[in-house]
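**Student:** Under the UniProt record's numbering, the final residue of the sequence shown carries the number 325; numbering is consecutive throughout.
Let me give you the structure first, and then I'll get to my questions.
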Amino acid sequence: MHHRQNPIPLIIIEEHHQAFTVWQEASGRGIIPPAGNALLHTDTHDDLVQGGIPTSIHDLPEDSQGIVDYTYQNLGIANFITPQLYQGLLGEMAWLKGFGIGNASDTWRSVVSWKSQGCHFTSGEVTPMLRRVLENPESKWGNHSFYRYIQLQTTSDYQTHRPLILDIDLDIFSCDNGLSSAETRIEITAEAYREYQENPYHPMRLLPAAALSAHREGEGDHSRYYLSYEEFQEIPELLKVSESVIERRIGKLKDFLSRNQLKPLLITLCRSRMSGYTPEDQWRQIETKLLKALREIYSMKVIPLHLFLVSEEGCLQTRQQPGEK
């Protein structure tokens with residue numbers, strides 16, 4: 001693959017919702033167009049969780065610090081893509097989900113917002129009936145966007161005429177879906193603990209799944225109280241693999257990008273080490289080997305998020321986020 005004249009900015013982020021900040025900021029700086037981009041999302045997870053966000057995407061601030069604050073206050077690591085599909089920054093999403101053999105699926109999907117509020121989203125495959133519903137001026141669903149959605153393996157062929165964002169989560173190479181290294185509890189007061197234990201209709205119990213529990217550690221004046229989060233996951237470490245498998249997978253991704261002659265305008269590399277999806281004893285070696293492979297096909301400028309946000313391309317003075325180095 002020929003190197004382009006200007007190096008591709010590769011922004012290293014810790015967790016995936018920070019990609020929202022990067023893509024919005026990159027759009028504002030002219031690194032990528034403000035609409036219609038293709039996203040090549042290379043990840044164990046599709047990160048297309050639907051639902052609501054506290055603040056409407058229509059109220060997204062235009063200044064850089066406002067975008068940073070909006071990200072941390074409204075988005076999680078699995079729902080940051082859908083608002084940008086609705087917004088139109090992304091017009092196509094290709095999910096590179098694995099390294100096996102399989103035919104690519106290629107469909108058109110819609111993302112719509114309840115009463116055009118830009119807070120609650122739902123998405124689905126476009127059918128003639130759905131199109132009629134969305135285009136009905138009396139529909140309770142208001143503003144909507146259509147986007148191309150493709151699911152790929154590294155053996156697939158993929159071409160796009162759109163400006164391309166390459167987004168890579170390190171957990172695609174080795175994933176601890178049991179989240180064994182993630183902290184999943186917070187300390188609460190004794191009063192909050194008693195209220196949770198004694199009230200069978202406590203609001204935190206009335207969730208779609210029983211994912212929360214409260215427990216006490218210690219006795220008497222030394223007691224401490226915790227609220228813990230538990231979610232069904234695959235068998236712990238089922239997807240964690242050896243160093244040799246990681247190297248083969250990185251090679252397959254490199255071959256996929258090279259064979260399809262994909263030339264991104266922007267690359268985001270997500271470590272996922274804070275959340276625990278990338279094993280804490282593997283993330284660094286995965287990142288090092290991945291960057292080496294990417295440099296063999298692309299001319300890149302590697303920039304950690306906090307430096308990207310204060311670089312000359314955009315004048316944002318911001319605090320360094322925990323864990324960024």
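Backbone N, C-alpha and C define an ideal beta-carbon position, used for all residues, glycine too.
Note that the coordinates shown come from a computational prediction; the quantities given were computed from them, not determined experimentally.
Would a C-beta distance cut-off of 8 Å place Leu-152 and Leu-262 closer than the cut-off?
**Tutor:** Not in contact: Leu-152 and Leu-262 (Cβ atoms no closer than 8 Å).
**Student:** Name the residue from Pro-279, Leu-290, Gln-285 and Leu-269 whose alpha carbon lies nearest to the alpha carbon of Ile-303.
**Tutor:** The shortest Cα separation from Ile-303 among Pro-279, Leu-290, Gln-285 and Leu-269 belongs to Leu-269.
**Student:** Inspect the beta-carbon positions of Ala-38 and Ile-32 and report whether they are closer than 8 Å.
**Tutor:** Taking 8 Å as the Cβ cut-off, Ala-38 and Ile-32 do not qualify as a contacting pair.
**Student:** If you follow the beta strand (DSSP E) that Phe-173 is in, where does it begin and where does it stop?
**Tutor:** From DSSP, Phe-173 is part of no beta strand (DSSP E); its letter is neither H nor E.
**Student:** Taking the Cβ atom as the reference point for each residue, do Lys-301 and Pro-7 lie within a distance shorter than 8 Å?
**Tutor:** Yes. Within cutoff.
**Student:** Does DSSP put Ile-57 in a helix, in a strand, or in coil?
**Tutor:** Three-state DSSP puts Ile-57 in a helix.
**Student:** Ignoring anything shorter than 3 residues or poking outside the stretch 65-150, list the beta strand (DSSP E) runs there in chain order.
**Tutor:** Complete beta strand (DSSP E) runs here, min 3: 90-98, 105-114 and 120-125.
**Student:** In the DSSP output, what is Glu-187 paired with across the bridge?
**Tutor:** DSSP output for Glu-187 lists Tyr-226 as bridge partner(s).
**Student:** So, with DSSP's three-state summary, where would you put Ser-180?
**Tutor:** Only weak support is given to the placement of Ser-180: the predicted model assigns it a pLDDT of 49, under 50, and the value that follows is read from those uncertain coordinates. The answer is coil: DSSP assigns Ser-180 none of H, G, I, E or B.
**Student:** Buried or exposed: Pro-236, going by 16 or more other Cβ atoms within 10 Å of its Cβ?
**Tutor:** The predicted model places Pro-236 with a pLDDT of 47, which falls under 50 and marks its position as unreliable; any figure quoted below should be read in that light. Classification of Pro-236: exposed, given that the 10 Å Cβ count is below 16.
**Student:** Might you give, ordered along the chain, the residues of its own chain that have their beta carbon closer than 8 Å to the beta carbon of Ile-250, omitting 5 neighbours on each side?
**Tutor:** Only Phe-173, Ile-286, Lys-289, Leu-290 and Ala-293 meet the Cβ criterion.
**Student:** Let me make sure I understand the geometry here. Which of Thr-122, Val-245, Leu-170 and Asn-103 has the alpha-carbon closest to that of Pro-279?
**Tutor:** For the residues Thr-122, Val-245, Leu-170 and Asn-103, the minimum Cα distance to Pro-279 belongs to Leu-170.
**Student:** Could you name the residues of the same chain whose beta carbon sits closer than 7 Å to that of His-17, not counting the 5 residues immediately before and after it, in chain order?
**Tutor:** These residues qualify, in order along the chain: Thr-71, Leu-75, Gly-76, Ile-77 and Phe-80.
**Student:** Here's a check: name, in chain order, each residue in its chain whose Cβ is nearer than 7 Å to the Cβ of Thr-82, leaving out the five neighbours to either side.
**Tutor:** Excluding sequence neighbours, Thr-82 sits near Leu-48, Gln-50, Val-111, Phe-121 and Ser-123.
**Student:** Mapping the DSSP letters down to three states, classify Gly-51 as helix, strand or coil.
**Tutor:** If DSSP states are grouped into helix, strand and coil, Gly-51 belongs with the strands.
**Student:** Under 8 Å, do His-41 and Trp-108 count as touching if we go by C-beta distance?
**Tutor:** No, Cβ-Cβ distance for His-41 and Trp-108 is not below 8 Å.
**Student:** Give the DSSP-derived three-state secondary structure of Arg-216 in the structure shown.
**Tutor:** In the structure shown, Arg-216 sits in a strand (DSSP, three-state: E or B).
**Student:** Buried or exposed: Thr-44, going by 16 or more other Cβ atoms within 10 Å of its Cβ?
**Tutor:** Buried, by the Cβ-count rule.
**Student:** Going by DSSP, what residue range makes up the alpha helix (DSSP H) through Leu-290?
**Tutor:** Here the alpha helix (DSSP H) through Leu-290 covers 283-295.
**Student:** Relative to the C-alpha of Pro-137, which residue among Val-126, Thr-154, Lys-115 and Thr-127 is closest?
**Tutor:** Looking at the Cα atoms, Lys-115 is the closest of the given residues.
**Student:** Where DSSP assigns a beta bridge to His-41, which residues make up the other side?
**Tutor:** Beta-bridge pairing links His-41 to Trp-95 and Asp-167.
**Student:** Beta-carbon separation of Ile-13 and Ala-19 under 8 Å?
**Tutor:** A contact, by the Cβ cut-off of 8 Å.
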